[in-house]
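Chains as they are written, first to last, in the UniProt record's numbering: chain A, 1 to 230; chain B, 1 to 230.
Have a look at the structure below before the remarks.
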DNA sequence: TGATTGGTGGCACTGCGTGCCGTTACGATT
DNA sequence: AATCGTAACGGCACGCAGTGCCACCAATCA
């Protein structure tokens, strides 16, 4: 009998333990179900004590998508590094890159996570709460940039929700399509199609468009009066 | 010592017990904090056994906003009763009425819930998950009605998220404004301002508007050439 | 080599949520 | 009005999540 190996003492050791725990959790959740798998099971499968599991993850649910906070910080960094006056459409597109990368870097695990969050109620709620933190982040950053507009707060809240929904829709279609690693640009392509739907359109805002339309309608009315059709 | 009163045997008794539990939970959470309040505390404050609490609510979190499922069903009923070809903007406005009513019927409790969901992480996550069920419901119903459009699924997903965000923004501004009961229409008024931001504008989409504008511009240009002002 | 630091495993504890069971009130039936 | 069936009740016990505590061990440094 070899003595039990303690692996977590170095930085590489900690990364190894963490990876083992994530893989064990995903495998056990997928195979035996989320509710039927205990934290003891996960820890034992990873060759580690139960108490150690909670030193790597806040709880059982966090083992499924453990890189949420890191990714959130990267998204925020994109906004922080961007110029104040940069157009919003390309910025919100670029801000989502860390999320896309997180999924695209490990398609197999992404698919497993996707299946779990679809089928397990507790993980679906967790996912919704996680997505909501991205929505709030986009909302904060857009509010800064739309502060001078009329109804800027409203536009920021609506746009943030719309953008996050578009991102998730893109990721979702990529996942149900088999999560092929070579389709790295599919997400971005899908997202670009939504740009015209957003309140903050690339070049002209909806408000401006409405004003233009009103003025042109009046011009048309004058046209009808001065030059009747025939 | 009077013998303990058993109140839950009739329909009115059950409603009374339920109300007592909700009020006790809100009061204790607000006064002593969510984590510091146990289910035993809530049950004892409502004069009921601990086991009974779990017969009225799925868990500790559900006691804060217990009418979520009923409200969700009412929203769905609005969609089910609506005509297939009804314009979307007034429909999504009307579909939110049950939510508005739920808040407006008890402003004091709504404010207490709002403060709790802002300050307690567990309840904020719960709220996000709850809001997400509304988003999915709107998404399903909009997908039915946008199926024939190009990118209909995308438009449905984006619009659903935008509409729900607008609703929540309206409710939020009503709540931070003091939750005055007479401001029943403030929510709807706030929401109407967002209509022009939505992909599915009241009568004409932004794309169509641009096409119309182009055509009218050409007509106006012709008018300028043929009949100069004077 | 000895002391410090930091991660680990085990133990015990609180609290949530559930299954089970005996008890009790209410309402229906006759 | 007495009785029976239903259903909600209280209480107990249990499993599991998550946390505080402590002894232990490996790596680093004096």
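For glycine and all other residues, C-beta sits at the position ideal for the given N, C-alpha and C.
Predicted, not measured: the structure shown is a model, and the values here were computed from it.
So, residue 53 (chain B) versus residue 45 (chain B), is the Cβ gap smaller than 7 Å?
no
Could you list which residues in chain A have their beta carbon closer than 8 Å to that of residue 165 (chain B), in chain order?
135, 157, 158, 160, 161, 162
Going along the region 45-77 of chain A in order, which residues come within less than 9 Å of chain B, judged by CB to CB distance?
none
State buried or exposed for residue 65 (chain A), treating a residue as buried only when at least 16 other CB atoms are found within 10 Å of its CB.
buried
Please confirm whether any heavy atom of the ligand NAD lies closer than 6 Å to the CB of residue 27 (chain A).
With respect to small molecules bound, the structure shown includes none, and the ligand NAD cannot be examined in it.
Answer yes or no: do residue 143 (chain A) and residue 153 (chain A) have a C-beta to C-beta separation smaller than 7 Å?
yes
Got a sec? Which residues, its chain only, sit under 6 Å from residue 134 (chain B) by beta carbon, not counting five neighbours each side?
So the list reads 164, once near-sequence residues are dropped.
Assess contact between the region 66-75 of chain B and the region 93-111 of chain B, defined as three or more Cβ pairs (one per stretch) separated by less than 8 Å. Is contact present?
yes
Could you list which residues in chain A have their beta carbon closer than 7 Å to that of residue 129 (chain B), in chain order?
Result: 125, 128, 129.
Pick helix, strand or coil for residue 114 (chain A), following the three-state DSSP scheme.
helix
In chain order, which alpha helix (DSSP H) runs of at least 4 residues are fully inside the UniProt domain "HTH tetR-type" (15-75) of chain A?
39-45, 50-56
On a Cα-Cα basis, can you pick out the residue from B:59, B:68, B:47 that is closest to residue 14 (chain B)?
B:47
Shorter than 7 Å from the beta carbon of residue 12 (chain B) to some beta carbon of chain A?
no
Taking CB distances under 7 Å as the criterion, tell me whether residue 154 (chain A) reaches chain B.
yes
If you follow the alpha helix (DSSP H) that residue 87 (chain B) is in, where does it begin and where does it stop?
Counting along the chain, residue 87 (chain B) sits inside no alpha helix (DSSP H), nor does DSSP assign it H or E at all.
In or out: residue 38 (chain A) buried (at least 16 other Cβ within 10 Å) or exposed?
exposed
Would you grab the beta carbon distance between residue 91 (chain A) and residue 82 (chain A) for me? Rounded to a whole angstrom, and I think it's under 8 Å.
Indeed, because the Cβ distance is near 5 Å, the residues count as touching under 8 Å.
DSSP three-state call for residue 265 (chain B): helix, strand or coil?
Missing from the structure shown is residue 265 (chain B); chain B here goes from 1 to 230 and no further.
Taking the straight line between their C-alpha atoms, what separation do you get for residue 24 (chain B) and residue 61 (chain A)?
30 Å
Contact check, residue 22 (chain B) vs residue 63 (chain B), beta carbons under 7 Å:
Annotated as proximal: residue 22 (chain B) and residue 63 (chain B), with beta-carbon spacing under 7 Å.
Using the Cα positions of residue 12 (chain A) and residue 115 (chain A), report the straight-line distance between them to the nearest angstrom.
30 Å
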